[in-house]
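Q:
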Amino acid sequence: MFKYCKKLQYPINIKKKDLRLARYLITQYGGSNGELTAALRYLNQRYTMPDNVGKALLTDIGTEELAHVEMISTMIYQLMKGATVEEIKAAGLDTFYAEHAKALYPTDANGVPFTVAYFATTGDALADISEDMAAEQKARAVYENLIDLTDDPDVIGPLLWLRQREIVHYTRFKELFEYYEKKLKKGENEIVNKKPINNLNNSINNNFFPNMPLDGNNFFF
Amino acid sequence: MNTYNYFEDNWLRNMTNNNSLFTPEEGFLKGNLFSSLYSQYKNYQPMTLKATNEREKFFLELSWVAFAAHELNLYLDVHPNDTSMITLFNDYRKKEMDLSRKYEEKYGALTVMSENSNDNQFSWEEENWPWERDMNV
Numbered sequence: 133m134f135k136y137c138k139k140l141q142y143p144i145n146i147k148k149k150d151l152r153l154a155r156y157l158i159t160q161y162g163g164s165n166g167e168l169t170a171a172l173r174y175l176n177q178r179y180t181m182p183d184n185v186g187k188a189l190l191t192d193i194g195t196e197e198l199a200h201v202e203m204i205s206t207m208i209y210q211l212m213k214g215a216t217v218e219e220i221k222a223a224g225l226d227t228f229y230a231e232h233a234k235a236l237y238p239t240d241a242n243g244v245p246f247t248v249a250y251f252a253t254t255g256d257a258l259a260d261i262s263e264d265m266a267a268e269q270k271a272r273a274v275y276e277n278l279i280d281l282t283d284d285p286d287v288i289g290p291l292l293w294l295r296q297r298e299i300v301h302y303t304r305f306k307e308l309f310e311y312y313e314k315k316l317k318k319g320e321n322e323i324v325n326k327k328p329i330n331n332l333n334n335s336i337n338n339n340f341f342p343n344m345p346l347d348g349n350n351f352f353f
Numbered sequence: 122m123n124t125y126n127y128f129e130d131n132w133l134r135n136m137t138n139n140n141s142l143f144t145p146e147e148g149f150l151k152g153n154l155f156s157s158l159y160s161q162y163k164n165y166q167p168m169t170l171k172a173t174n175e176r177e178k179f180f181l182e183l184s185w186v187a188f189a190a191h192e193l194n195l196y197l198d199v200h201p202n203d204t205s206m207i208t209l210f211n212d213y214r215k216k217e218m219d220l221s222r223k224y225e226e227k228y229g230a231l232t233v234m235s236e237n238s239n240d241n242q243f244s245w246e247e248e249n250w251p252w253e254r255d256m257n258v
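If you're matching them up, the sequences are chains G and X in order.
End of the first sequence sits at 353 in our numbering; the numbers just go up one at a time, nothing left out.
End of the second sequence sits at 258 in our numbering; the numbers just go up one at a time, nothing left out.
Given below as C-alpha cells:
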C-alpha cells in the first residue's frame, strides 16, 4: 500500500507565473520521458523481478518517481496560477484551456496526451532494467533542455535537483543490471530469466511459464 | 517558547564519517548524497534554501534527514550487506522518525495517521497542501 505524506520531496516555490514554461515543463509530467511514465514503468516491472533486490529497488525508485510527479505538477500549477485567459491565449495554451481550464492533465510539450505506450514490461529482468537505465538518461537530458529554456531561479533549482536524481537512479539501475548479469554468468540464470538450463523437471519454472520452451539453451550466452 | 536545538549541536556533521557522502544538508541541496556520483550541469549551482523562522528550520532539517535516509535506502537495496551504511541508514531513519513526530506535535500532521488524537476536530484539512505552500523551504 501507499501512504501519503503532505510534503514535497524538495520545495517548490515559484513566484513568477510563466505560461510558456508551463507548456514546456508539462512534458516531464505526461511526456514519454516524464515522471509519470517512470513511476508506472518501475511499479509495473517490479512484480516479475527475479529476487528481492530488484523488487526492492524498483518499488523504492518507483515510489520516489510518484513524489517527482507531485513536484512537476506543483511547478505547472504554480506557473499557471493567476493567469488570465488573454495570457493563456498568448502563450498558445488556449487549446489546453478549452479542455482542462487550469486543471492538471498529463501531456507532452506538444499537447499529446499521456499513454502507457511510452514504457514496456517484458518479464525479462535484463531487458527491463536496460530500459530503466536508458529512461533515466533520457529524463536527465530532457531536464537539461528545460534548464536551457528558462532563467527563473525558482524553476532552475528544482530542475537541477530532479536532474541529479536521474543520475543517482541511473547508477542504482546499472548496479542492479550488473548484479543480475553476474548471477547469470555464475550459472544462476534460472534466477535471472526464470528459464531452466538443463533441469527439465523444474516444477517452479514450469508452473510460472507453462508455454516456455524448455530447450536447455542459455538465452543470453 | 521552547526553541529547538538540533541546529546548534552539529550532529549532522558528526554522523557522517564516510568521506564519499555529503552531509545530509549538502546532499539534500544537491539532490545527491553521494559525492562520487554528483555531476554539475554547466556552471549551475544548487539553489540555496534559507529557513526564515523556527518552523522552516525544523521542516528543512526533516527534509535533510528524510532525503539522506532515502538515498541510503536505495543504496542498500542493491548493496544489502554494507554494514557501515546500514548503521548510517538506521541513524538517519531514527532521526527522521524523531523529527517528524516533533514537527507534527508542534505544527500539524504530515500524514493523516499522525493527527493529534487529543483534538476533537479533524485537522488534516487545516494544513496547506504541498502545492500551495506557506513556507520558503
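Glycine included, every Cβ here is placed at the ideal spot set by N, Cα and C.
1) When the distance is taken between beta carbons, is L225 of chain G closer than 8 Å to D150 of chain G?
2) Is the Cβ-Cβ distance between F210 of chain X and L195 of chain X less than 8 Å?
3) Note down, in chain order, each residue of its chain lying with its Cβ closer than 8 Å to the Cβ of E246 of chain X, except the 5 sequence neighbours on either side.
4) What do you get for N174 of chain X, buried or exposed, if any count of 16 or more other CB atoms within 10 angstroms of its CB means buried?
5) Going by the beta-carbon positions, is the gap between Y302 of chain G and L291 of chain G smaller than 8 Å?
6) When you compare only the Cα positions, how much space is there between L197 of chain X and T191 of chain G?
7) Which value, in whole angstroms, describes the spacing of the CA atoms of A235 of chain G and G152 of chain X?
8) Looking at the structure shown, is F243 of chain X part of a helix, part of a strand, or coil, going by DSSP?
9) Counting only beta-carbon atoms, is R155 of chain G nearer than 8 Å to chain X?
10) Using only CA atoms, which one of G:D256, G:A199, G:R155 and G:V300 lies nearest to Y136 of chain G?
11) If we cut at 8 Å on Cβ distances, does M218 of chain X have a partner in chain G?
12) Excluding the five sequence neighbours on either side, which residues of its own chain have a C-beta within less than 8 Å of the C-beta of R299 of chain G, listed in chain order?
13) Just reading off the alpha helix (DSSP H) that Y275 of chain G is part of, what are its end residues?
14) Buried or exposed: which applies to Q161 of chain X, given that a residue is buried once 16 or more other Cβ atoms fall within 10 Å of its Cβ?
15) May I ask you to list, following chain order, the residues of the segment 189-205 of chain X that have a beta carbon less than 9 Å from some beta carbon of chain G?
16) Chain X beta carbons: is any one of them nearer than 8 Å to that of L211 of chain G?
17) Mind pulling the chain G residues with CB within less than 8 Å of W250 of chain X?
18) Please identify, using Cβ separations under 9 Å, the residues of the segment 157-174 of chain G that lie next to chain X, in order along the chain.
19) By the three-class DSSP mapping on this structure, what secondary structure does T227 of chain G have?
20) What does Y162 of chain X reach in chain G if we use C-beta pairs closer than 7 Å?
21) For L231 of chain X, which residues in chain G fall below 7 Å Cβ to Cβ?
22) If we cut at 8 Å on Cβ distances, does F243 of chain X have a partner in chain G?
23) So if DSSP puts P245 of chain G in a beta bridge, which residue, or which two residues, is it bridged to?
24) Out of curiosity, what's the CA-to-CA distance linking Q242 of chain X and N277 of chain G?
25) According to DSSP, is F309 of chain G helix, strand or coil?
A: On the basis of the data shown:
1) The sequence position of residue 150 of chain G within the first sequence is 18, counting from 1. The sequence position of residue 225 of chain G within the first sequence is 93, counting from 1. Between D150 of chain G and L225 of chain G, the C-beta gap is not smaller than 8 Å, which leaves the two residues out of contact.
2) Along the second sequence, one-based indexing puts residue 210 of chain X at 89. Along the second sequence, one-based indexing puts residue 195 of chain X at 74. The answer is no: Cβ separation not under 8 Å.
3) Position 125 of the second sequence, counted from the first residue, corresponds to residue 246 of chain X. Excluding the 5 residues flanking it on each side, E246 of chain X has no same chain C-beta neighbour closer than 8 Å.
4) Here residue 174 of chain X refers to the residue found at position 53 of the second sequence. N174 of chain X should be labelled exposed.
5) For the purposes of this step, residue 302 of chain G is taken as residue 170 along the first sequence, with counting starting at 1. For the purposes of this step, residue 291 of chain G is taken as residue 159 along the first sequence, with counting starting at 1. Cβ distance not < 8 Å, so Y302 of chain G and L291 of chain G don't count as in contact.
6) Residue 197 of chain X sits at position 76 when you count from the first residue of the second sequence. Residue 191 of chain G sits at position 59 when you count from the first residue of the first sequence. Going from the Cα of L197 of chain X to the Cα of T191 of chain G covers about 13 Å.
7) Within the first sequence, the letter at position 103 stands for residue 235 of chain G. Within the second sequence, the letter at position 31 stands for residue 152 of chain X. Cα to Cα, the separation comes out at about 28 Å.
8) For the purposes of this step, residue 243 of chain X is identified with residue 122 of the second sequence, where counting begins at 1. F243 of chain X: coil per DSSP, three-state reduction.
9) Mapped onto the first sequence, residue 155 of chain G falls at position 23. So, not an interface residue.
10) Along the first sequence, one-based indexing puts residue 136 of chain G at 4. When each option's Cα is compared against that of Y136 of chain G, the closest is G:A199.
11) Counting from one through the second sequence, the residue named residue 218 of chain X turns up at place 97. It does not: the Cβ of M218 of chain X has no partner Cβ on chain G nearer than 8 Å.
12) Locating residue 299 of chain G in the first sequence gives position 167, where the first residue counts as 1. Note that residue 299 of chain G corresponds to Ile in the displayed sequence, not to Arg. Hits under 8 Å: E268 and R272.
13) Numbered from its first residue, the first sequence carries residue 275 of chain G at position 143. A257 to D280 is the span of the alpha helix (DSSP H), which, as asked, contains Y275 of chain G.
14) As a working note, residue 161 of chain X is residue 40 in the second sequence. That one is exposed.
15) For the segment 189-205 of chain X, which is checked against every Cβ of chain G, the residues closer than 9 Å are H191, E192, N194, L195, Y196, L197, D198, V199, H200 and P201.
16) Position 79 of the first sequence, counted from the start, is the residue given in the question as residue 211 of chain G. No - not a single Cβ of chain X is within 8 Å of the one on L211 of chain G.
17) Mapped onto the second sequence, residue 250 of chain X falls at position 129. Under the 8 Å cutoff, chain G gives K138.
18) For the segment 157-174 of chain G, the set of residues with a beta-carbon nearer than 9 Å to any beta-carbon of chain X is empty.
19) To locate residue 227 of chain G, count along the first sequence from 1; it is residue 95. T227 of chain G: helix per DSSP, three-state reduction.
20) To locate residue 162 of chain X, count along the second sequence from 1; it is residue 41. Within 7 Å Cβ-Cβ: E276, I279, L292 and R295.
21) Along the second sequence, read from residue 1 onward, the residue named residue 231 of chain X stands at position 110. Ordered by position in chain G, the residues that pass the 7 Å Cβ test against L231 of chain X are C137, K138 and K139.
22) Counting from one through the second sequence, the residue named residue 243 of chain X turns up at place 122. Chain G, which has no Cβ nearer than 8 Å to the Cβ of F243 of chain X, makes this no.
23) Reading the first sequence from its first residue, position 113 is the one you call residue 245 of chain G. Note: P245 of chain G is bridge-paired with G:T239 in the DSSP secondary-structure output.
24) In the second sequence, residue 242 of chain X corresponds to position 121, counting from 1. In the first sequence, residue 277 of chain G corresponds to position 145, counting from 1. The straight-line gap from Cα to Cα measures roughly 47 Å.
25) Within the first sequence, residue 309 of chain G is the residue found at index 177, counting from 1. Helix.
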